[in-house]
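Peer 1: Protein sequence lines, in the order shown, are assigned to chains A and B. The first sequence runs 17 to 211 under the numbering used here. The second sequence runs 527 to 1056 under the numbering used here. One structure is given below, represented as structure tokens, and several questions about it will come after.
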Amino acid sequence: MKTDLILAGVGGQGILSIAAIIGMAALENKLFLKQAEVHGMSQRGGDVQSNLRISSKEIASDLITMGKADLILSVEPMESLRYLPYLSKDGYLVTNTKAFNNITDYPEQDELIAKIKSLPHHVAIDANKIASDIGSPRSMNIVMLGAASPFIDMPFESFENGIRKIFAKKGEDIIDVNLKALKAGREFAEREVLK
Amino acid sequence: MQNLLLLGAEAIAQGAIDGGISGVYAYPGTPSTEIMEYVQASKKAEERNIHRLWSSNEKTAMETALGMSYAGKRVIVCMKHVGLNVAADAFINSAITGVNGGLLVVSADDPSMHSSQNEQDSRFYGKFAMIPILEPSNQQEAYDMAYHGFELSEKFKTPVLLRITTRISHSRAGVKTLQIKDMLNGSLPENPRQFVLLPAIARINYNKLVAEQELFVEDSENSTFNKYFDGKDKSLGIITGGIAYNYVLENFEDRKIPYPVLKINQYPIPRKLIEKIKNECKELLVVEEGAPFIEEMIKDYFNEGIQVHGKLDGYLPRVGELNPNLVAKSLKLEDTTGEDIPTIVKQRPPSLCPGCGHRDMYDELNEAMKEYGKGKVFADIGCYTLGALPPFNAINSCVDMGASITMAKGAGDAGLIPAVAVIGDSTFTHSGMTGLLDAVNEKSHITVIISDNSTTAMTGGQHSQGTGKIEAICEGIGVEKEHIRVMIPLKKNFEENVKIIKEELAYNGVSVVIPRRECVQTLARKMKKV
């Protein structure tokens, strides 16, 4: 098994929490893992990404080879497209459609969505809305993880266990709402892909 | 013995704890900060009472670490690459004094300048100081090198440089730990004059260091950190090391490289192994992260004897960090890069946080400076460097820690009046205080804005050494009390703050304006805890 994924977003949107949960899930499945993060200046509202690699074999590079990523998981639509050079021909792009607009020349939303939908393998999801609908707007990133989970070759329960571990200190209520967010994202993606 | 998931920086910290350190000294700097932070969070470090507080700057950190080594204990000192410039005096001379307790100096380079003003390669510093250098290729080696580095240091009584780069520091992987060692009891150096660098003694020490170079090379040649992998295809030999080794491996199915590979993770370069790969192979390719450090030495060494490819002949780019695709190109393998970034994707540069006090400070300063025109504001290293970008476009320099004050003074000396310095509280106590003394002694016409958010913000909110002491420091240095003006940078105080800045700009002497409001990030973290 091998999944190379790029996590993308804007500094402060919580992609490192997603990475931590996937990391926990990978450990549970006794897989090799490498995860390169961005720290420092870019975290101040700039574009951030994390290269996350999971494999049943030992992993060499901390960075994913461009053109070989199996998945781009982005919590922001414009950021999802920044990493297209990394996506393999058969790879999936799974992105939140809700823009995070903190620049003056942000592109038209319609243009962005049109570009995303022109890709052969994509899931575009309004994760902010789904997170709000289940009463936990802050769980947007977990909805996104759920939507990407069908494309990461690990049992769904492992992601659930990852959430239980990462949010252990925050109590049962937080765990439950995030499990719900994970499931909602997963169900959306399954509907989309079947469609 | 555990299996932990660690960043490279954290692996070094864990390796140092398990290797028996009594202290870690550091000033925050990306990508090195997490080493100290990991030790600070470690239960074992608390249990052992390992020293783990931040220093005022890298020089004080380096010297304090040398003092701990003098007293016979193992110690690690950590900084980013440009921090080693600040610590350089102590660092170079620590090679002349030698050590007592094992001393490991970690310098974290930032090729591609993700969070830095240059991409200098610390290996040159190790060679300059003539000490052994270790450079891990992965998180496990980062752990092992920190763990065993103290033995190497104590074996030759020399400091050892541990060089890492951004990708190894900020990438996470599984690490197997070793049995934790006892801390040393402490002892005075056997030779009481070892650390006294009077010329007569320094000459003796220096001769000894020079004589030991052969031993360092021999140690490199026999080191388990350096590896020679044979390959059937001798048309090419690859010399690599550090993180670049991973990018070479990545390009071959199941990590099986057909060519001989020399992986150099300990320096000085292992001469015999270089001779071996040179004699076996038709051409050489050098793949290294950072400057063409090995490549230049080898090119000179063989002097037209064999084709050496790398960063000097365009096989690899001379600047920026490497990646698997760039290495593929140098190996004449297929470039797999996917679709281009669509043109609708725009740059998203970092910016000051919403609600940040520096924002108000810049709005006020820009307003106050209107009558004087552009080009008179010298800034420094920190979040407030982002004042260079729109919408502020407020500053005209950012060079090195503390340079705002001294450059303003120099420009003032040249007739640029008023010259303004913008510096943060942590940068001020790092390297701004001495420059302020120069200005006070000459009663220079400068206005120093110490934008005080009471933390070292850019690196994630570490303790700032001057917190609660800034006014007292300025007064102690000799700034007149009535020209030390404290204000709260908030929208509602805009008019009043502009007035204060204007008054001080007009003053023909040294003024210090201190806009003080806590960093919104550290404040948010405190609120969460409540």
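Built from N, CA and C at the ideal position, the CB exists for glycine as well.
Who are the neighbours of GLU176(A) on chain B, taking C-beta pairs under 8 angstroms?
Peer 2: Sequence index remark: in the first sequence, residue 176(A) carries index 160 (1-based). None at all; the shortest Cβ gap to chain B is about 19 angstroms.
Peer 1: Quick check on SER697(B): does DSSP put it in helix, strand or coil?
Peer 2: On the second sequence, residue 697(B) is found 171 positions in, with the first residue counted as 1. Strand.
Peer 1: In angstroms, rounded to a whole number, what distance separates the CA positions of LEU100(A) and MET82(A)?
Peer 2: Reading the first sequence from its first residue, position 84 is the one you call residue 100(A). Reading the first sequence from its first residue, position 66 is the one you call residue 82(A). Cα-Cα distance, rounded: 9 angstroms.
Peer 1: Tell me, please, whether the CB atom of PRO718(B) is closer than 8 angstroms to any CB atom in chain A?
Peer 2: For the purposes of this step, residue 718(B) is taken as the residue at position 192 of the second sequence. Cβ-Cβ to chain A under 8 angstroms: no for PRO718(B).
Peer 1: Nearest by alpha-carbon distance to GLY652(B): which of GLN643(B), TYR1033(B), ARG719(B), ASN611(B) is it?
Peer 2: In the second sequence, residue 652(B) corresponds to position 126, counting from 1. The shortest Cα separation from GLY652(B) among GLN643(B), TYR1033(B), ARG719(B), ASN611(B) belongs to ASN611(B).
Peer 1: So which of GLU1021(B), ALA965(B), ALA905(B) has the shortest CA-CA distance to ILE976(B)?
Peer 2: Against the second sequence, residue 976(B) aligns to sequence position 450. Ranking the options by Cα distance to ILE976(B), first place goes to ALA905(B).
Peer 1: Check whether the Cβ atoms of VAL774(B) and ILE764(B) sit closer than 8 angstroms, and answer yes or no.
Peer 2: Reading the second sequence from its first residue, position 248 is the one you call residue 774(B). Reading the second sequence from its first residue, position 238 is the one you call residue 764(B). Going by C-beta atoms, VAL774(B) is nearer than 8 angstroms to ILE764(B).
Peer 1: Who pairs with MET17(A) in a beta bridge, going by DSSP?
Peer 2: Here residue 17(A) refers to the residue found at position 1 when the first sequence is read from its first residue. Paired residue(s): none; MET17(A) is not in a bridge.
Peer 1: State the start and end residues of the unbroken beta strand (DSSP E) segment that holds HIS138(A).
Peer 2: Working through the first sequence from its first residue, we reach residue 138(A) at position 122. Run containing HIS138(A): 138–141, per the beta strand (DSSP E) assignment.
Peer 1: Using a Cβ-Cβ distance cut-off of 8 angstroms, determine whether PRO637(B) contacts chain A.
Peer 2: To locate residue 637(B), count along the second sequence from 1; it is residue 111. Taking Cβ atoms only, chain A never reaches closer than 8 angstroms to PRO637(B), which makes this a no.
Peer 1: Beta-carbon within less than 6 angstroms of GLY913(B)'s beta-carbon, same chain only, minus the 5 sequence neighbours each way: which residues are those?
Peer 2: Within the second sequence, residue 913(B) is the residue found at index 387, counting from 1. Excluding sequence neighbours, GLY913(B) sits near TYR888, ALA920, ILE921.
Peer 1: Leaving out the 5 sequence neighbours to the left and right, which residues in its chain are closer than 6 angstroms to GLU1029(B) when beta-carbon positions are compared?
Peer 2: Here residue 1029(B) is taken as the residue at index 503 of the second sequence, counted from 1. Excluding residues within five positions, none has a Cβ falling inside 6 angstroms.
Peer 1: In the DSSP assignment, what are the bridge partners of SER90(A)?
Peer 2: Within the first sequence, the letter at position 74 stands for residue 90(A). DSSP lists ALA24(A), THR111(A) as partners of SER90(A).
Peer 1: Report all residues from its chain with a CB closer than 8 angstroms to the CB of ASN851(B); omit the five preceding and five following residues, and keep chain order.
Peer 2: Counting from 1 along the second sequence, the entry for residue 851(B) is found at position 325. Closer than 8 angstroms at the Cβ level, and outside the excluded window around ASN851(B), lie ASP861, THR862, THR863.
Peer 1: Strictly by DSSP, which residues pair up with ASP63(A)?
Peer 2: Taking the first residue of the first sequence as 1, we reach residue 63(A) at position 47. Paired residues: VAL26(A).
Peer 1: For chain B, is any of its Cβ atoms less than 8 angstroms away from the one on LYS50(A)?
Peer 2: To locate residue 50(A), count along the first sequence from 1; it is residue 34. Closer than 8 angstroms to some Cβ of chain B, the Cβ of LYS50(A) qualifies, so yes.
Peer 1: Who are the Cβ neighbours of ILE141(A) in its own chain at under 8 angstroms, not counting the five residues just before and after it?
Peer 2: For the purposes of this step, residue 141(A) is taken as residue 125 along the first sequence, with counting starting at 1. Cβ within range, chain order: VAL110, THR111, ASN112, THR113, VAL159, MET160, ALA163, GLY201, PHE204, ALA205, GLU208.
Peer 1: Which residues does DSSP list as the beta-bridge partners of ASN529(B)?
Peer 2: As a first step, residue 529(B) must be located in the second sequence, where it is residue number 3. DSSP output for ASN529(B) lists LYS702(B) as bridge partner(s).
Peer 1: Return the first residue and the last residue of the beta strand (DSSP E) that ARG689(B) is part of.
Peer 2: If you number the second sequence from 1, residue 689(B) lands on position 163. 686–691 is the extent of the beta strand (DSSP E) around ARG689(B).
Peer 1: Please classify GLU776(B) as buried or exposed, where buried requires at least 16 other C-beta atoms within 10 Å of its C-beta.
Peer 2: Taking the second sequence and counting its residues from 1, one reaches residue 776(B) at position 250. Burial call: buried.
Peer 1: Going by DSSP, what residues sit across from CYS604(B) in a beta bridge?
Peer 2: Looking up residue 604(B) in the second sequence gives position 78. Note: CYS604(B) sits in a beta bridge opposite ALA552(B), VAL632(B).
Peer 1: Classify GLY941(B): buried if its beta carbon has 16 or more other beta carbons within 10 angstroms, exposed otherwise.
Peer 2: Here residue 941(B) refers to the residue found at position 415 of the second sequence. Result: exposed.
Peer 1: Would you list the one or two residues that DSSP bridges to ARG1042(B)?
Peer 2: Numbered from its first residue, the second sequence carries residue 1042(B) at position 516. Looking at the DSSP assignment, ARG1042(B) forms a beta bridge with ASP978(B).
Peer 1: Give the residues from the region 686–701 of chain B that approach chain A closer than 8 angstroms (Cβ to any Cβ), ordered along the chain.
Peer 2: If the cut-off is 8 angstroms between Cβ atoms, the region 686–701 of chain B has ARG693, ILE694, HIS696, SER697, ARG698, ALA699, GLY700 near chain A.
Peer 1: Per DSSP, what are the beta-bridge partners of SER71(A) in this structure?
Peer 2: To locate residue 71(A), count along the first sequence from 1; it is residue 55. Answer is LYS18(A), PHE48(A), bridged to SER71(A).
Peer 1: For a cutoff of 8 angstroms on Cβ pairs, would you count TYR122(A) as touching chain B?
Peer 2: Against the first sequence, residue 122(A) aligns to sequence position 106. TYR122(A) counts as touching chain B.
Peer 1: Quick one: list the residues of chain A neighbouring ASN871(B), beta-carbon separation under 7 angstroms, in chain order.
Peer 2: Within the second sequence, numbered from 1, the residue matching residue 871(B) stands at position 345. According to the sequence as given, residue 871(B) is Val; it is not Asn. Simply MET94, LEU97, ARG98.
Peer 1: Within 8 angstroms (strictly less), CB to CB, does SER148(A) reach chain B?
Peer 2: Taking the first residue of the first sequence as 1, we reach residue 148(A) at position 132. It does not: the Cβ of SER148(A) has no partner Cβ on chain B nearer than 8 angstroms.
Peer 1: Between which two residues does the beta strand (DSSP E) holding LEU810(B) run?
Peer 2: As a position in the second sequence, residue 810(B) is number 284, starting the count at 1. First-last of the beta strand (DSSP E) with LEU810(B): 809–813.
Peer 1: Below 6 angstroms CB to CB, which residues in the same chain sit around SER952(B) once its five sequence neighbours on both sides are set aside?
Peer 2: The residue labelled residue 952(B) in the question sits at position 426 within the second sequence. Within the same chain, SER952(B) has close Cβ partners THR982, SER990.
Peer 1: If we count Cβ pairs, one from each stretch, closer than 8 angstroms, do we get three or more for the region 552–562 of chain B versus the region 581–600 of chain B?
Peer 2: Result yes; three or more Cβ-Cβ pairs closer than 8 angstroms.
Peer 1: Along chain A, in chain order, which residues have C-beta atoms closer than 7 angstroms to that of SER957(B)?
Peer 2: For this step, residue 957(B) is matched to residue 431 along the second sequence. Chain A residues near SER957(B): none, gap ~19 angstroms exceeds 7 angstroms.
Peer 1: Using the beta-carbon count (16 or more within 10 Å), is GLU865(B) buried or exposed?
Peer 2: Within the second sequence, residue 865(B) is the residue found at index 339, counting from 1. With fewer than 16 Cβ atoms within 10 Å of its Cβ, GLU865(B) is classed as exposed.
Peer 1: Ignoring anything shorter than 4 residues or poking outside the region 755–799 of chain B, list the alpha helix (DSSP H) runs there in chain order.
Peer 2: For the region 755–799 of chain B, whole alpha helix (DSSP H) runs of length 4 or above, ordered along the chain, are 770–776.
Peer 1: Mind listing, in chain order, the continuous beta strand (DSSP E) runs of no fewer than 3 residues lying wholly within the region 615–682 of chain B?
Peer 2: For the region 615–682 of chain B, whole beta strand (DSSP E) runs of length 3 or above, ordered along the chain, are 629–635.
Peer 1: Exposed or buried, what is ALA184(A) when buried is set at 16 or more other beta-carbons lying within 10 Å of its beta-carbon?
Peer 2: Start at 1 with the first residue of the first sequence, and residue 184(A) comes out as number 168. Under this definition ALA184(A) is an exposed residue.
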